[in-house]
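Residue numbers (this note's numbering): 502 to 1001.
Structure below.
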């Protein structure tokens, strides 16, 4: 049944509708594969077969009445992996941290509610960098996730568990969150399609916060078509989230479904930032990766698109601005984890202050503590204006650069990651080098724009990603631009060997 689990979400939905397979049978196939492969890949933190199969049985019942015009939708009965940052009622929700290692959520995040309403099945909760802080999925309390393309290498982070699960065919698709590239970078390193929507399009209610003004949930799948189906379920206004945008529901796959001719992207203008492609800046990206990106852009020209040179002059400031703003917000958000109400509590202490100190010292990992310390410092009296306020001004300059760029083009393209997957442990001792892994993705979060990564080839047998950046609320256009490329290439159809 390997051929069945290798299908994308759309094909699986058609198979379920045609009764080629039931949701219970399909879910069991994935559960069996997880049981066999997860000990090596470590993509899942929690699996509960009884809960998953109960959802699958309910989905089969919904499809049984679907002929009457109700009960079933395109995701009914589709098994999905959920990043362990989404509160899920009755499931462990750990955020990859010892601090929440025993926390069973009493409620569902909006994203989980939406998928439940769509009839999807939860396969399990995926491993992640602790509290989404990391670019390699090595900071998890539950151990590093391995990249299925080479298990000596990282899958990217923080959504590395979701990426590895889909890459190893342990799930057809998964959810992720993206604060500075945490959907797009692991998608690139694991040969997936991953989308970070416009900030506010997907509710953050019940999604454990890292940096509230940057975090955004999104889908990870094998194709743009998959991501459109998943985003249709995820997106929507939520009055419980003050940052949720009140907009009419839309079909994010509408442009994919439209007829296309020999030149399906005729008239599309692709912006190529000199900060990505200029001679001096190209040295920051692996020549092999840049060669694949250049080849992908050449393919877009064949599809009728036109390329224009643009500039994002403040792009170089995105990493330092991000690593002031994100830790500042993290230090505030993580102050609630004190060992009092829920989560980890130190076993020995003499008074309340010592309980706080020991619980946080023992419950948080090194990277989380590093960011809490940085964030507390930049928010402290005397440094707020010099660091945090200044970073917010830079953030506005970066956003303005994108506004100016989109007057000249429809989509911006470039590398997703400066390299293919690096070795486990290679950058763990050098935080700066680790942070630079997100150099091409961070600015998108600072500006609140939608961005996605699609497979564009292999360098030394390891996948690389092409990043597509769109204007606000242009997800449907981005997905169509990605889809047209995937119609003419097969990079996204390839799977790692050794996991049959």
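We put the beta carbon where it would ideally sit given N, CA and C, even for glycine. Values in this document were obtained by computation on a predicted structure and should not be read as measured data.
Asked, Found
"Sequence-distant residues of the same chain with beta carbon closer than 8 Å to residue 771, five excluded per side", "798, 801, 806, 807, 808, 809, 910, 911, 912, 913, 914"
"Touching by the beta-carbon criterion (3+ pairs, under 8 Å), the region 636-649 and the region 657-671", "yes"
"Distance between residue 850 and residue 859 (C-alpha atoms, nearest Å)", "7 Å"
"Cβ contact check for the region 828-840 and the region 709-721: 3 or more pairs under 8 Å", "yes"
"Residue 988 in three-state terms, based on DSSP", "helix"
"Every unbroken alpha helix (DSSP H) inside the region 824-899 [4 residues or more]", "853-864, 867-880"
"Spatial distance of residue 647 from residue 996 (CA atoms)", "15 Å"
"C-beta atoms of residue 717 and residue 678 nearer than 8 Å", "yes"
"Environment of residue 569 [buried if 16+ CB atoms lie within 10 Å]", "Annotation note: pLDDT 44 at residue 569 (below 50); position unreliable, no value reported."
"Cut-off 6 Å between Cβ atoms - residues of its own chain near residue 896, not counting five sequence neighbours on either side", "822, 947"
"Boundaries (first-last residue) of the beta strand (DSSP E) holding residue 970", "963-971"
"Rounded C-alpha distance that separates residue 924 from residue 875", "27 Å"
"Beta-carbon gap between residue 523 and residue 623 smaller than 8 Å", "no"
"Straight-line gap, residue 579 to residue 848 (C-alpha atoms, nearest Å)", "42 Å"
"Segments assigned beta strand (DSSP E), at least 3 residues, entirely inside the region 895-950", "912-916"
"Residues near residue 506 by beta carbon distance below 6 Å, same chain, minus five either side", "530, 670"
"Cβ-Cβ distance between residue 745 and residue 739 below 8 Å", "yes"
"Residue 866 beta carbon less than 8 Å from that of residue 631", "yes"
"Among 655, 889, 700, 818, nearest to residue 688 - alpha-carbon criterion", "655"
"Exposed unless 16 or more other CB atoms sit within 10 angstroms - verdict on residue 781", "Only weak support is given to the placement of residue 781: the predicted model assigns it a pLDDT of 49, under 50, and the value that follows is read from those uncertain coordinates. Under this definition residue 781 is an exposed residue."
"DSSP-derived helix/strand/coil call for residue 648", "strand"
"Residue 810: first and last residue of the uninterrupted beta strand (DSSP E) it sits in", "807-811"
"Assigned secondary structure, residue 696 (DSSP; H/G/I helix, E/B strand, else coil)", "strand"
"Beta-carbon proximity check, residue 457 vs residue 953, cutoff 8 Å", "Given a span of 502 to 1001 for the chain in the structure shown, any question on residue 457 remains unanswerable."
"Beta-carbon spacing of residue 705, residue 763 below 8 Å", "no"
"Residue 594 versus residue 927 - alpha carbon distance", "29 Å"
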